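FYI, the numbering for the sequence shown is 592 to 811, going by our numbering.
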Amino acid sequence: MIRKINGLYFLIMLTYSIVDKIYGTSYMDILYSSGLGIGLISIVLSAEDFMTMIFEYPSGIIADKMGRKRTTAIGMFILAVGYLLFIISKNFWFFVLAAFFKSLGVSLFSGSPQSWYYEELKKIDELKVREKSIPLLRSLINIVCIIVLGMCTLLFSVSNLFPMSIAIVLLIGVSLLIYIRGTDNYGNVSAEESLLASIFNNTKRIFSEKVFWKLAVYHS
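Next up, the structure:
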């Protein structure tokens, strides 16, 4: 049981780290080669940051209601859609649309696998396993990311879009796998309140906070 939980969690986190590293080495080259000026590129990146901040607030409720593993899988799939739109974009508004999907995917993913992993270990009273598994995962991610950087350098000689194409396929494949494999867990949310009602009420509360608007101004 522990091996299955660890295996699925390692697969999720390794995949996301690999894809994030590929994107990190590719996105500026893709943006510049699209013909967008520096000003428009800055707006796209700022819009992405702002949307990520907006989506981040209700994502926890969505994970609690829908299931953390399921939310992780959906987040990865939506992120793949965002990346696909990103590599085929040729104008400003297409890049903004790509940023929308990417921000939504990242927000849904953020914190979901970690919460799922914690609760799955808690179910079987094996939380102490994290003391060994987390450091091992970090070391593995560091090693794999170094290899990925080297591979990206080679793949760029073929096409600047080739590494991102691999990342998209990887995200879609793993998202479908984790959607159907393993058990899920949920948060302590009101069963009487619908998902949309929970999101609306939580978002309304957050938007009324002064701290939110200070952060919004900062990100804009």
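C-beta atoms are modelled at their ideal positions from N, C-alpha and C, and glycine is treated no differently.
Model, not experiment: these values are computed from the prediction.
| query | Using the beta-carbon count (16 or more within 10 Å), is Ile653 buried or exposed? | reply | Along the sequence shown, one-based indexing puts residue 653 at 62. It is buried - the Cβ of Ile653 has at least 16 other Cβ atoms within 10 Å.
| Bounding residues of the alpha helix (DSSP H) (the contiguous stretch that carries Leu746) | For the purposes of this step, residue 746 is taken as the residue at position 155 of the sequence shown. Under the DSSP assignment, Leu746 falls in the alpha helix (DSSP H) whose first and last residues are Arg721 to Leu746.
| Which value, in whole angstroms, describes the spacing of the CA atoms of Gly773 and Ile596? | Numbered from its first residue, the sequence shown carries residue 773 at position 182. Numbered from its first residue, the sequence shown carries residue 596 at position 5. Taking the straight line from one Cα to the other gives about 8 angstroms.
| said: Just to confirm my understanding: we take Ala638, look at its own chain, exclude 5 residues before and 5 after, and list those with CB closer than 7 angstroms. What are they? | reply: In the sequence shown, counting from the first residue as 1, residue 638 sits at position 47. Once the five neighbours on either side are set aside, the close Cβ partners of Ala638 are Val687 and Ala690.
| field | Nearest-angstrom Cα separation, counted from Lys612 out to Gly651 | value | The sequence position of residue 651 within the sequence shown is 60, counting from 1. The sequence position of residue 612 within the sequence shown is 21, counting from 1. Note on geometry: alpha-carbon atoms of Gly651 and Lys612 lie some 25 angstroms from one another.
| Host alpha helix (DSSP H) of Leu718 (start-end) | By 1-based counting over the sequence shown, the position of residue 718 is 127. From DSSP, Leu718 is part of no alpha helix (DSSP H); its letter is neither H nor E.
| field | Under 8 angstroms between C-beta atoms of Phe646 and Met667 | value | In the sequence shown, residue 646 corresponds to position 55, counting from 1. In the sequence shown, residue 667 corresponds to position 76, counting from 1. No.
| said: Buried or exposed for Met604, going by 16 or more other Cβ atoms inside 10 Å? | reply: Indexing the sequence shown from 1 puts residue 604 at position 13. Counting Cβ neighbours within 10 Å, Met604 comes out buried, since at least 16 surround it.
| Nearest CA to the CA of Gly673: which residue from Ile771, Met755 and Ile769? | Along the sequence shown, read from residue 1 onward, the residue named residue 673 stands at position 82. Closest option to Gly673, Cα to Cα, is Met755.
| field | Cβ neighbours of Ser680 in the same chain (closer than 6 angstroms, five flanking residues each side left out) | value | Counting from 1 along the sequence shown, the entry for residue 680 is found at position 89. Only Phe686 and Ala689 meet the Cβ criterion.
| field | Length of the line joining the Cα atoms of Arg661 and Asp775 | value | Taking the sequence shown and counting its residues from 1, the one referred to as residue 661 is at position 70. Taking the sequence shown and counting its residues from 1, the one referred to as residue 775 is at position 184. Their backbone Cα atoms lie some 7 angstroms apart in a straight line.
| query | So what's Tyr708 in DSSP terms, helix, strand or just coil? | reply | Stepping through the sequence shown from its first residue, residue 708 is reached at position 117. Taken through DSSP and simplified to helix, strand or coil, Tyr708 comes out as helix.
| message | Tell me which residues share the same chain as Ile665 and place their Cβ nearer than 7 angstroms to its Cβ, disregarding the 5 neighbours each side in the sequence. | response | Taking the sequence shown and counting its residues from 1, one reaches residue 665 at position 74. Answer for Ile665: Leu699, listed in chain order.
| task | Let me know if Trp707 comes out buried or exposed under the rule of 16 or more other beta-carbons within 10 Å of its beta-carbon. | result | The count along the sequence shown starts at 1 and reaches residue 707 at position 116. Buried, by the Cβ-count rule.
| query | Taking just the CA atoms, how far does Ser730 sit from Lys723? | reply | As a working note, residue 723 is residue 132 in the sequence shown. As a working note, residue 730 is residue 139 in the sequence shown. Separation of Lys723 and Ser730 (C-alpha to C-alpha, rounded to the nearest whole angstrom) is 11 angstroms.
| Supposed close pair Ile769, Thr663 - CB separation, criterion 8 angstroms | Locating residue 769 in the sequence shown gives position 178, counting from the first residue. Locating residue 663 in the sequence shown gives position 72, counting from the first residue. Yes, they are in contact, since the Cβ atoms of Ile769 and Thr663 sit about 6 angstroms apart, within 8 angstroms.
| task | Taking Leu761 as the reference, give the member of Gly598, Met592 and Leu602 with the closest Cα. | result | Along the sequence shown, one-based indexing puts residue 761 at 170. The shortest C-alpha separation from Leu761 is found at Leu602.
| said: Please state the DSSP three-state secondary structure of Ser701. | reply: Here the question's residue 701 lines up with position 110 in the sequence shown. Correct three-state label for Ser701: coil.
| query | Closest to Gly598 by CA distance: which of Val635, Pro704, Asn682 and Val610 is it? | reply | Position 7 of the sequence shown holds residue 598. Nearest option by C-alpha distance: Pro704.
| Would Leu746 be called buried (16 or more neighbouring beta carbons within 10 Å of its own) or exposed? | One-based indexing of the sequence shown puts residue 746 at position 155. Buried: at least 16 other Cβ atoms inside 10 Å.
| According to DSSP, is Arg772 helix, strand or coil? | Indexing the sequence shown from 1 puts residue 772 at position 181. Three-state DSSP puts Arg772 in coil, outside helix and strand.
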